[in-house]
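Numbering (our numbering), first residue to last: 213 to 413.
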């Protein structure tokens, strides 16, 4: 089957005043709509990892997957939910995408899939002026790591980079010019900048 994708939006968005970042308006549309447009060429199943009342996302027609762990333990909790959901579908891996990043590459899933060998795991990264920076919420994760991830979170070891490094993640690299395709929206200033960037596309 095609690789399932889970959009991660389980955080509290404190720097945005607690607003649902996937529902923020960009060019008159919710971020989530723009993210789904960028996945338009992907024929695999797509779900949303989000906490709280799922009815607020009903218009998008996506399965809504809440964290299985309490107290917002971070993006790795969303990765765990994604792995469990994908395993239930019979998939061997799952791709995660941040729900506040409207410009990620349209070939993200294919790029991560190419970079996953030999260990089956890959993270997205950008290269700018010879420097490489990873974007760990954008990753391809083999579902057979979910028990190890569950144990990792039980030990309160919640850093995505550390978990990925332990499992020798590959790296799928995109250019950061003319802008970083993985730039995310954490603050009102970020949203204002994204509106300028979107208008220039």
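Ideal placement from N, C-alpha and C gives every residue a C-beta, glycine not left out. Quick caveat, the model's predicted, so the values are computed rather than measured.
### Message
Measuring straight from C-alpha to C-alpha, what distance separates residue 312 and residue 321?
### Response
Sequence index remark: in the chain shown, residue 312 carries index 100 (1-based). Sequence index remark: in the chain shown, residue 321 carries index 109 (1-based). The straight-line gap from Cα to Cα measures roughly 17 angstroms.
### Message
Can you find the residues in the same chain that come closer than 8 angstroms, C-beta to C-beta, to residue 266, ignoring five residues on each side of it along the sequence?
### Response
In the chain shown, counting from the first residue as 1, residue 266 sits at position 54. If we look at residue 266 and ignore the five residues flanking it on each side, its Cβ neighbours are 276, 278.
### Query
Taking C-alpha atoms, which residue in 256, 397, 222 lies nearest to residue 289?
Along the chain shown, one-based indexing puts residue 289 at 77. Selected option, being the one with the closest Cα: 222.
### Query
Is it buried or exposed for residue 260, if we count other Cβ within 10 angstroms and need 16 for buried?
Residue mapping note: residue 260 aligns to position 48 of the chain shown, counting from 1. Under the 10 Å beta carbon count, residue 260 is surrounded by 16 or more other beta carbons and is classified as buried.
#### Entry: Inter-residue Cα distance where the pair is residue 350 and residue 393
Position 138 of the chain shown holds residue 350. Position 181 of the chain shown holds residue 393. Answer to the nearest angstrom: the Cα atoms are 11 angstroms apart.
### Message
Contact between the stretch 330-350 and the stretch 381-388 is defined here as three or more beta-carbon pairs at a separation below 8 angstroms; is this criterion met?
### Response
With a cut-off of 8 angstroms, the stretch 381-388 and the stretch 330-350 count as touching, because enough Cβ pairs lie within range.
### Query
Quick one: what does DSSP say residue 383 is sitting in, helix, strand or coil?
Residue mapping note: residue 383 aligns to position 171 of the chain shown, counting from 1. Here residue 383 sits in strand by DSSP.
### Task
Count the CB pairs spanning the stretch 298-309 and the stretch 350-366 that are closer than 8 angstroms, and state whether there are at least three.
yes
### Query
According to the neighbour-count rule (16 or more other Cβ atoms, all chains shown, within 10 Å of its Cβ), is residue 368 buried or exposed?
In the chain shown, the residue the question calls residue 368 occupies position 156. Residue 368 should be labelled exposed.
### Task
Might you give, ordered along the chain, the residues of its own chain that have their beta carbon closer than 7 angstroms to the beta carbon of residue 300, omitting 5 neighbours on each side?
Within the chain shown, residue 300 is the residue found at index 88, counting from 1. Excluding sequence neighbours, residue 300 sits near nothing in its chain.
### Query
If you compare alpha carbons, which of 244, 412, 258, 291 is closest to residue 362?
Locating residue 362 in the chain shown gives position 150, counting from the first residue. When each option's Cα is compared against that of residue 362, the closest is 291.
### Task
Would you mind sorting residue 236 into buried or exposed? The rule is 16 or more other CB atoms within 10 Å of its CB.
Translated into positions along the chain shown, residue 236 becomes position 24. Looking at its Cβ environment, which holds 16 or more other Cβ atoms inside 10 Å, residue 236 is buried.
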